[in-house]
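Engineer: Quick one: structure below, then a few questions.
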Amino acid sequence: MTDVLEIIRAYGAAWLEADEAERRRLLQISWSEDGAYEDPTASVVGREALIRHIADFQMRLPRTTIVLASGVDHHHGKFHFLWKMVGPDGQVSAEGRDFGEFDRDGRICRIAGFFGSPPPLPGALVF
């Protein structure tokens with residue numbers, strides 16, 4: 003498998019890349035052709051659909067960046083990391099966590115993104 007951090011960096015760089023051809027190149031490195039991306043606001047399947055989704059994100063939130071807020075934890079082809087969305091004023095506008103999976107070629111084939119922290123426990127819970 004290709005270096006995990008290298009793949010995550012290429013994926014993250016695609017979210018910041020304004021040039022569609024360069025965004026496509028970054029996702030060819032990091033994203034499976036039929037990969038699935040989901041977060042509370044979107045569900046897209048396929049590299050081309052993700053390229054368009056990222057362009058829509060950039061149009062809605064111009065000059066917003068997404069930065070890693072943790073290392074990338076991974077095992078058995080799965081991974082997760084924390085991220086922060088930073089507005090043009092330098093203020094954090096959102097935080098979250100992505101959980102993902104790599105395909106056999108080492109590209110990301112699935113991401114499920116979550117915004118904010120998990121909800122509080124409604125009471126005592128013992129496993």
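Throughout, this note's numbering is defined as the position within the sequence shown, counted from one, plus 2.
Glycine included, every Cβ here is placed at the ideal spot set by N, Cα and C.
As an exercise, report each continuous alpha helix (DSSP H) stretch of at least 4 residues that is fully enclosed by the region 27-100, in chain order.
Structural biologist: For the region 27-100, whole alpha helix (DSSP H) runs of length 4 or above, ordered along the chain, are 49-62.
Engineer: Using a 10 Å radius around the Cβ and a threshold of 16 neighbouring Cβ atoms, would you call Asp100 buried or exposed?
Structural biologist: Here residue 100 refers to the residue found at position 98 when the sequence shown is read from its first residue. With a 10 Å radius around the Cβ and a threshold of 16 neighbouring Cβ atoms, Asp100 comes out buried.
Engineer: Quick one: is Ala12 buried, meaning 16 or more other Cβ sit within 10 Å of its Cβ, or exposed?
Structural biologist: In the sequence shown, counting from the first residue as 1, residue 12 sits at position 10. Buried.
Engineer: Checking 8 Å against the spacing of the C-beta atoms, do Gly73 and Phe83 come in under that value?
Structural biologist: Walking along the sequence shown from the start, residue 73 turns up at place 71. Walking along the sequence shown from the start, residue 83 turns up at place 81. Yes, the Cβ-Cβ distance between Gly73 and Phe83 is below 8 Å.
Engineer: Per DSSP, which residues does Ala114 bridge with? Please list them.
Structural biologist: Here residue 114 corresponds to residue number 112 of the sequence shown, with the count starting at 1. Answer is Glu40, Phe101.
Engineer: Are Val46 and Thr67 touching if we call contact CB-CB under 8 Å?
Structural biologist: The sequence position of residue 46 within the sequence shown is 44, counting from 1. The sequence position of residue 67 within the sequence shown is 65, counting from 1. It is not a contact, given that the beta carbons lie outside the stated cut-off.
Engineer: Measuring only the C-alpha atoms, how far is Asp107 from Asp75?
Structural biologist: To locate residue 107, count along the sequence shown from 1; it is residue 105. To locate residue 75, count along the sequence shown from 1; it is residue 73. Going from the Cα of Asp107 to the Cα of Asp75 covers about 19 Å.
Engineer: Answer with buried or exposed for Ala16, where buried requires no fewer than 16 other C-beta atoms within 10 angstroms of its C-beta.
Structural biologist: For the purposes of this step, residue 16 is taken as the residue at position 14 of the sequence shown. Burial call: buried.
Engineer: So, is Gly37 buried or exposed, given that buried needs 16 or more other C-beta atoms within 10 angstroms?
Structural biologist: Position 35 of the sequence shown, counted from the start, is the residue given in the question as residue 37. Buried, since its Cβ has 16 or more Cβ neighbours within 10 Å.
Engineer: Candidates Phe59, Ala96, Leu70, Ile10: which alpha carbon is nearest Trp85's?
Structural biologist: Counting from 1 along the sequence shown, the entry for residue 85 is found at position 83. When only C-alpha atoms are compared, the closest one is Leu70.
Engineer: Report the three-state DSSP secondary structure of Gly108 (helix, strand or coil).
Structural biologist: For this step, residue 108 is matched to residue 106 along the sequence shown. Reduced to three states, the DSSP call for Gly108 is coil.
Engineer: Taking 6 Å as the limit between beta carbons, can you name the residues of its chain near Ser34, skipping five residues before and five after?
Structural biologist: Translated into positions along the sequence shown, residue 34 becomes position 32. Excluding residues within five positions, the ones whose Cβ falls inside 6 Å are Asp105, Arg109, Cys111.
Engineer: Out of curiosity, what's the CA-to-CA distance linking Pro121 and Val128?
Structural biologist: Locating residue 121 in the sequence shown gives position 119, counting from the first residue. Locating residue 128 in the sequence shown gives position 126, counting from the first residue. The straight-line gap from Cα to Cα measures roughly 17 Å.
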